[in-house]
Amino acid sequence: MTLYAKWNQNPIVNTYDVTFESNGGTAIAPQHNLEAGAQVVKPNDPTRNGYTFARMVHQSNV
Numbered sequence: 227m228t229l230y231a232k233w234n235q236n237p238i239v240n241t242y243d244v245t246f247e248s249n250g251g252t253a254i255a256p257q258h259n260l261e262a263g264a265q266v267v268k269p270n271d272p273t274r275n276g277y278t279f280a281r282m283v284h285q286s287n288v
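Position in the sequence shown counted from 1, then plus 226, gives you the numbering used here.
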């Protein structure tokens with residue numbers, strides 16, 4: 227009798243790195259290896275002399 231291995235394929239998990247550009251403000255640490263659909267943890271607001279932080283936006287030209 228010969229026994230054969232049966233294999234189940236592991237699911238493909240897409241992961242992403244999220245980086246933050248503070249445009250002259252204090253640095254914000256990136257978040258690495260977030261699985262698709264995971265919530266991004268809101269970082270502390272950056273600071274910049276002479277400015278008040280408003281919000282983070284996805285587009286650089288806003």
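Glycine included, every Cβ here is placed at the ideal spot set by N, Cα and C. These figures come from a predicted structure and were not determined experimentally.
Taking the Cα of R274 as reference, the smallest distance to any Cα among G263, A253 and V239 is reached at A253.
Between A255 and N240, the CB-CB gap reaches or exceeds 8 angstroms. Judged by DSSP secondary structure, Q257 falls within the beta strand (DSSP E) whose first and last residues are Q257 to E261.
When only Cα atoms are considered, Q235 and V267 end up about 31 angstroms apart.
The residue among G251, W233, L260 and Y277 with its C-alpha nearest the C-alpha of V244 is L260.
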